[in-house]
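J.: Pasting a structure here, questions to come.
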Amino acid sequence: MKALIIASALSLVGSCATTSYTQKIENLKESIVFERPEAVIKYGNTITPDELSAHVYKLSSNDFEGRQTGRNGFHKASKYLKDFYISNDVPSPLGSDNYYQSIPKSYFTKDSLASQNVVAFIEGSEHPEEIIILSGHLDHLGTSEETTYYGADDNASGTAALMEIAQAFIAAKKEGYGPKRSILFLHLTAEESGLLGSSYYVKHPIFSLNNTVANLNIDMIGRVDPKHDRLQDDNYIYIIGADRISTELHYISEAANTWFTNLNLDYSYNKEDEPNRYYYRSDHYNFAYKGLPVIFYFNGEHEDYHKPTDTPDKINYPLLQKRSQLIFATAWYLANSKHRLNPNKL
Ligand SMILES: [Zn+2]
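All residue numbers for the sequence shown refer to this note's numbering, where the first residue is 26 and numbers rise by one.
As structure tokens, this is what we get:
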């Protein structure tokens, strides 16, 4: 307690600009309060390792042939998602039973076929026009000769997370805890061939980008990378981009973690000069490029990255659950907070 008083006394002697910035951040942090934490815990706990595992095993099975954009395996995976949303009473934003945002063949490179983003939607009760987008790419590398690229981590893990998060929100809605803002679940195609599903979406948004509050994008969240393996720290996730556009989003993400999940949030890939440039390498970037606040959730690369050995038996399902619960809690806050996310940097 004493140290804290000395520190703030010293900071008063410092420049006024610094003090007011520090104060602004303190005020911001104090303003982030989860009003019904018991509901976040209750519905977050409907996201289970068993259900995540069932989805990851299915999505990365031989049935779906590596989910290559435009190919039969991708269509089967799309149908699997559509059936899931129908059976869970999560509607499509496109109406009736059309869960596909079709993208014509001409949008892709020469040898690719027409494809689709798969979309599902939970309408907000108070500000239905304000949209939170939760995304993850569904496509992977397909097959080559006799080899299948299963893509269990990349990105069946993120796809399963989105499905379970949608199920948690719809369960809450059925019991009177539906989100105040709307949530779009966006399963993107053609990420592996250049973030094309998301670039198509931002050019042809289903809901105006002006009314889009933020994008939380998931790409590979089921494994542990060599760095954390060495540190014997499985309890982590890389957070990329959270503070680049909206300062508030960064602190909401931190608060969600402090309140509910206590993961070690690793920001090493968020540095501007980071040589891997992950910030530019998954679908959230197309939203960030349009000025929308984003978070990219990522476990880091590992020895099976983009190899046929990226299989479902190597996923850590309790860890996938915890990471999914962090994203769920963050989305819950964005969808239910009193004021819409401040999209600016402080
Ligand atoms: Zn990926």
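For each residue, glycine too, the CB sits at the ideal point set by N, CA and C.
Give me whichever residues DSSP pairs with Phe210 in a beta bridge.
T.: As a first step, residue 210 must be located in the sequence shown, where it is residue number 185. Answer by DSSP bridge pairing, in chain order: Ala145, Leu159.
J.: Got a sec: does ligand 1 put a non-hydrogen atom nearer than 6 Å to the Cβ of Asn311?
T.: In the sequence shown, counting from the first residue as 1, residue 311 sits at position 286. Incorrect: Asn311 has no Cβ contact closer than 6 Å to ligand 1.
J.: Taking only the alpha-carbon atoms, compute the straight-line gap between Phe232 and Asn240 and give it to the nearest angstrom.
T.: Within the sequence shown, numbered from 1, the residue matching residue 232 stands at position 207. Within the sequence shown, numbered from 1, the residue matching residue 240 stands at position 215. Going from the Cα of Phe232 to the Cα of Asn240 covers about 13 Å.
J.: Quick one, which of Leu159, Gly266, Ser140, Tyr125 has its alpha-carbon nearest Arg372's?
T.: The requested residue 372 is not part of the displayed model; the chain covers only 26 to 371.
J.: Is there at least one non-hydrogen atom of ligand 1 closer than 6 Å to the beta-carbon of Asn180?
T.: Your numbering for residue 180 matches position 155 in the sequence shown. Asn180: yes, Cβ under 6 Å from ligand 1.
J.: Would you kindly report the start and end of the unbroken alpha helix (DSSP H) that includes His184?
T.: Counted from its first residue, the sequence shown places residue 184 at position 159. Sequence inspection shows Thr at residue 184; the His mentioned does not correspond to that position. Note, Thr184: alpha helix (DSSP H), 183-199.
J.: Just to confirm my understanding: we take Glu154, look at its own chain, exclude 5 residues before and 5 after, and list those with CB closer than 7 Å. What are they?
T.: Locating residue 154 in the sequence shown gives position 129, counting from the first residue. Within the same chain, Asn236 come within 7 Å of Glu154 by CB-CB distance, once the 5 residues on both sides are set aside.
J.: Return the first residue and the last residue of the beta strand (DSSP E) that Asn311 is part of.
T.: Position 286 of the sequence shown holds residue 311. Here Asn311 belongs to no beta strand (DSSP E); instead the alpha helix (DSSP H) covers 309-314.
J.: Nearest CA to the CA of Val227: which residue from Lys347, Asn142, Asp178?
T.: In the sequence shown, residue 227 corresponds to position 202, counting from 1. Ranking the options by Cα distance to Val227, first place goes to Asn142.
J.: One question on the structure: do Leu77 and Tyr342 come within less than 7 Å of each other, judged by their Cβ atoms?
T.: Reading the sequence shown from its first residue, position 52 is the one you call residue 77. Reading the sequence shown from its first residue, position 317 is the one you call residue 342. Yes, Cβ-Cβ distance for Leu77 and Tyr342 is below 7 Å.
J.: If I follow the unbroken beta strand (DSSP E) through Ser127, where does it start and stop?
T.: Position 102 of the sequence shown, counting from 1, holds the residue named residue 127. Ser127 -> beta strand (DSSP E) spans 125-128.
J.: Going by the beta-carbon positions, is the gap between Ile57 and Ile265 smaller than 7 Å?
T.: By 1-based counting over the sequence shown, the position of residue 57 is 32. By 1-based counting over the sequence shown, the position of residue 265 is 240. Going by C-beta atoms, Ile57 is not nearer than 7 Å to Ile265.
J.: Could you have a look at Glu154 and say whether DSSP puts it in helix, strand or coil?
T.: Residue mapping note: residue 154 aligns to position 129 of the sequence shown, counting from 1. Glu154: strand per DSSP, three-state reduction.
J.: Tell me which same chain residues have a C-beta within less than 7 Å of the C-beta of Val238, skipping the five on either side of it?
T.: In the sequence shown, counting from the first residue as 1, residue 238 sits at position 213. Here the set comprises Glu155, Ile156, Ile157, Arg206, Leu359, Arg365, Leu366.
J.: Give the C-beta separation of Gly325 and Asp250 to the nearest angstrom, bearing in mind that I take them to be a contact with Cβ-Cβ under 8 Å.
T.: Translated into positions along the sequence shown, residue 325 becomes position 300. Translated into positions along the sequence shown, residue 250 becomes position 225. About 3 Å; that satisfies the 8 Å criterion.
J.: Just tell me which of Asp244, Ile262, Asp258, Glu90 has its CA closest to the CA of Glu170.
T.: Your numbering for residue 170 matches position 145 in the sequence shown. Ranking Asp244, Ile262, Asp258, Glu90 by Cα distance to Glu170 puts Glu90 first.
J.: Can you say whether His327 is buried or exposed, counting buried as having 16 or more other CB atoms within 10 angstroms of its CB?
T.: By one-based count along the sequence shown, residue 327 stands at place 302. Under the 10 Å beta carbon count, His327 is surrounded by 16 or more other beta carbons and is classified as buried.
J.: Are the CB atoms of Asn282 and Leu288 within a distance shorter than 7 Å?
T.: For the purposes of this step, residue 288 is identified with residue 263 of the sequence shown, where counting begins at 1. For the purposes of this step, residue 282 is identified with residue 257 of the sequence shown, where counting begins at 1. It is a contact, given that the beta carbons lie within the stated cut-off.
J.: Please tell me whether, using a cut-off of 6 Å, the distance from the CB of Asp244 to the nearest non-hydrogen atom of ligand 3 is below it.
T.: Within the structure as shown, ligand 3 is missing, the only ligands being ligand 1.
J.: Can you list the alpha helix (DSSP H) stretches of 4 or more residues lying completely in the region 249-308, in chain order?
T.: You should have 251-255, 272-281.
J.: Hey, Asp308 and Ser160: beta-carbon distance below 7 Å or not?
T.: Here residue 308 refers to the residue found at position 283 when the sequence shown is read from its first residue. Here residue 160 refers to the residue found at position 135 when the sequence shown is read from its first residue. Against a cut-off of 7 Å, the Cβ pair of Ser160 and Asp308 comes out as a contact.
J.: In angstroms with no decimal places, state the Cα-to-Cα distance between Ala354 and Arg248.
T.: If you number the sequence shown from 1, residue 354 lands on position 329. If you number the sequence shown from 1, residue 248 lands on position 223. Approximately 21 Å, taken between the alpha carbons.
J.: So for Ala239, helix, strand or coil by DSSP?
T.: Here the question's residue 239 lines up with position 214 in the sequence shown. Strand, per DSSP.
J.: Counting only runs of 4+ residues fully inside the region 75-118, write out the alpha helix (DSSP H) ranges in chain order.
T.: 97-112
J.: By how many angstroms is the C-alpha of Ser362 removed from the C-alpha of Ile373?
T.: Outside the modelled stretch of the chain, which goes from 26 to 371, sits residue 373, for which no answer is possible.
J.: List the residues that DSSP assigns as beta-bridge partners of Pro165.
T.: Here residue 165 refers to the residue found at position 140 when the sequence shown is read from its first residue. A small correction: the amino acid at residue 165 is His; Pro does not occupy that position in the sequence shown. His165 is bridged to Gln93.
J.: Per DSSP, which one or two residues make a beta bridge with Ser352?
T.: One-based indexing of the sequence shown puts residue 352 at position 327. Just to set this straight, residue 352 is Ile in the shown sequence, not Ser. Per DSSP, Ile352 has no beta-bridge partner at all.
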